[in-house]
Structures are given as C-alpha cells and as structure tokens.
Amino acid sequence: MEFRELVRRRRMVRQFQPGPIPREVLLRVLEVARHAPSAGFSQGFDFVVLDESGQVKRLFEVTNHPEFPYEEDKEFAPCYVLAISNTPAYLERYSRPDKERFGLQKAEAWPVAYWDVDTGMAVMLILLAAIEEHLGAVFFGVNWGRAELLAELGVPKGCDLVGVIALGYPQDKEEFDPARFTARRRPLESMVHFGRW
Ligand SMILES: Cc1cc2nc3c(=O)[nH]c(=O)nc-3n(C[C@H](O)[C@H](O)[C@H](O)COP(=O)(O)O)c2cc1C
C-alpha cells in the first residue's frame with residue numbers, strides 16, 4: 027500500500043473479532059518496531075505480548091480502576107501489546123565513551139524523556155504495520171495498577187509502561203470510512219508555524 031494511503035487509513039479500531047492473530051502475522055507486525063529511530067540508537071523499547079485469554083483477563087483485572095471500572099460487558103481484543111520504555115538502556119548507552127561527554131548518565135539530566143518518545147515512534151510503526159496485515163489496533167494508556175502489572179509481568183526496574191496496543195481483526199461494522207475523521211483533523215496551517223509561532 028502506498029505510504030499516504032496507509033497513513034490515511036490508520037484509525038484506531040475498538041471492536042475486534044475474537045479470533046486469534048496467527049503468531050507469524052503478529053511477529054511481522056512487531057518486527058517493524060526494530061526499525062524505529064532512537065536517541066543514540068539506544069533502542070530502549072520492549073514489548074510484552076499478552077495473547078492468551080487468561081493473560082488478557084489478568085491485564086484488565088489489575089488495571090481496573092475502582093472508581094472508573096471497565097464496562098462489565100467489555101469485549102476484549104485477542105491480543106494486547108504492552109509498549110514499555112527502557113530508561114536504563116539509554117543511561118547505559120550514554121555512559122559509553124562516545125556519548126559520555128553529554129552528561130546524560132542520569133534520567134533527570136535529559137530535557138526530554140526520549141525513551142518514551144522513541145517507544146511512541148515504535149508504537150506508530152506497529153499501528154501502521156497492522157493495517158497492511160488487515161488488523162485493527164487501538165493504542166491506549168493505563169492509569170491504574172501500573173506498578174502491580176509491571177511487577178507481575180517481571181518487567182525490570184527502571185522500565186515503564188507507555189501504553190498498550192490492542193490488536194485483532196476488526197469487526198465488519200468498523201470498516202474504514204475516509205470521511206469520518208477528515209473534517210475534524212486540524213488544518214495544516216493551524217499546526218505548522220513557519221519562521222515563528
Ligand atoms: C497517547 C494516546 C492515548 C490514547 N488513549 C486512548 C484511550 O485510552 N482509549 C481510546 O479509546 N483511545 C485512546 N487513544 C486514541 C485516540 O482517541 C485517537 O488516536 C484519536 O481520537 C484520533 O483518532 P484516530 O487515531 O482514529 O485517527 C489514545 C491515543 C494516544 C496517542
């Protein structure tokens with residue numbers, strides 16, 4: 027698919043068929059994350075894939091906010107990919123001889139949390155790759171139970187959850203409608219500022 031067409035087609039999909047994603051398809055989608063750019067080529071993004079029903083159930087148990095619970099009849103996607111930024115990978119990379127002069131051996135010294143930025147870039151590639159495989163995807167944040175979830179999944183200290191990608195084959199009623207979002211997108215001239223804001 028041509029790049030512009032791919033970008034235009036990318037929309038978050040929130041209703042999925044229950045059927046599983048074949049592992050080889052999932053791996054093709056996730057493989058693109060390897061090609062994401064990263065500060066110092068630190069490649070500090072990791073993905074925990076939950077695609078067994080017990081794992082998915084547990085994900086939603088642990089992250090269920092007591093005051094704002096998920097809907098009781100919530101339909102799940104067959105697969106959830108936890109996008110995790112790996113801060114220690116950056117601190118280690120910037121401690122090496124070719125980078126140490128920048129003084130970025132501590133997370134607090136970084137003006138921008140590039141581990142989160144780079145993880146977001148990798149997520150974007152995954153969202154686009156999903157389209158080519160006829161998969162639907164939605165990225166969402168997790169606000170509750172984060173520490174418990176990461177501990178339970180054995181995520182190393184210093185790594186953090188940026189968000190989750192739900193993946194699955196979309197239900198027919200969510201088929202692509204190019205008109206649906208075009209009007210609500212900000213016009214280019216409102217977001218691009220030549221010379222100064
Ligand atoms: C950082 C981030 C967090 C988001 N969190 C949620 C979420 O919690 N639930 C949800 O349904 N969509 C979530 N979205 C999807 C946005 O609602 C969606 O990208 C936006 O409405 C534009 O629609 P589109 O992506 O289909 O073009 C999130 C997107 C981003 C980038």
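Everything in the sequence shown is counted per the numbering used here, starting at 27 for the first residue and increasing by one. For each residue, glycine too, the CB sits at the ideal point set by N, CA and C. Just so it is clear, the structure is predicted and the values come from calculations on it, not from any experiment.
For Leu111, write down the residues that DSSP places opposite it in a beta bridge.
In the sequence shown, counting from the first residue as 1, residue 111 sits at position 85. Per the sequence shown, the amino acid found at residue 111 is Ser instead of Leu. Phe71 and Asp186, per the DSSP bridge assignment.
The beta strand (DSSP E) enclosing Phe166, as first and last residue numbers:
Walking along the sequence shown from the start, residue 166 turns up at place 140. Run containing Phe166: Gly162 to Phe166, per the beta strand (DSSP E) assignment.
Cutting at 7 angstroms between CB atoms, please list the residues of its own chain near Trp223, excluding the five before and the five after it.
Residue mapping note: residue 223 aligns to position 197 of the sequence shown, counting from 1. Nothing listed; no residue qualifies.
Beta-carbon proximity list for Arg36, same chain, < 8 angstroms, skipping 5 on both sides:
Counting from one through the sequence shown, the residue named residue 36 turns up at place 10. Only Leu153, Leu154 and Ile157 meet the Cβ criterion.
Tell me which residues pass a beta-carbon proximity test against ligand 1: closer than 7 angstroms to any heavy atom, given in chain order.
Arg36, Arg37, Met38, Arg40, Val164, Phe165, Phe166, Gly167, Gly189 and Phe207
Straight-line CA distance for Trp136 to Met217?
Mapped onto the sequence shown, residue 136 falls at position 110. Mapped onto the sequence shown, residue 217 falls at position 191. Their Cα atoms are separated by approximately 26 angstroms.
Should Arg119 go down as buried or exposed, given a rule of 16 or more other Cβ atoms within 10 Å for buried?
What you label residue 119 is simply residue 93 of the sequence shown in a count that begins at 1. Under this definition Arg119 is a buried residue.
Output yes or no for whether 8 angstroms exceeds the beta carbon distance between Thr89 and Gly171.
By one-based count along the sequence shown, residue 89 stands at place 63. By one-based count along the sequence shown, residue 171 stands at place 145. The answer is yes: Cβ separation under 8 angstroms.
Residues of its chain near Gly66, where Cβ-Cβ distance is below 8 angstroms and the 5 sequence neighbours each way are ignored:
Looking up residue 66 in the sequence shown gives position 40. Closer than 8 angstroms at Cβ, skipping near neighbours: Tyr116, Arg119, Tyr120 and Lys125.
Kindly give me the distance between the Cβ atoms of Leu161 and Ile47, rounded to whole angstroms, as I take these residues to be in contact under 8 angstroms.
The sequence position of residue 161 within the sequence shown is 135, counting from 1. The sequence position of residue 47 within the sequence shown is 21, counting from 1. Going by Cβ atoms, the distance from Leu161 to Ile47 rounds to 7 angstroms, so yes, they are a contact pair.
Between Val164 and Val51, which are expected to be in contact by the criterion C-beta below 8 angstroms, what is the C-beta distance as a whole number of angstroms?
For the purposes of this step, residue 164 is taken as the residue at position 138 of the sequence shown. For the purposes of this step, residue 51 is taken as the residue at position 25 of the sequence shown. Not really, about 17 angstroms apart at Cβ, beyond 8 angstroms.
So, helix, strand or coil for Ala177, using DSSP?
Here residue 177 refers to the residue found at position 151 when the sequence shown is read from its first residue. Ala177 falls in the helix class under three-state DSSP.
By DSSP, does Ala192 sit in helix, in strand, or in coil?
Within the sequence shown, numbered from 1, the residue matching residue 192 stands at position 166. Residue state, collapsed to three classes: strand.
Quick check on Tyr116: does DSSP put it in helix, strand or coil?
Walking along the sequence shown from the start, residue 116 turns up at place 90. Correct three-state label for Tyr116: helix.
Quick one: grab the DSSP three-state call for Tyr140.
Position 114 of the sequence shown, counting from 1, holds the residue named residue 140. If DSSP states are grouped into helix, strand and coil, Tyr140 belongs with the helices.
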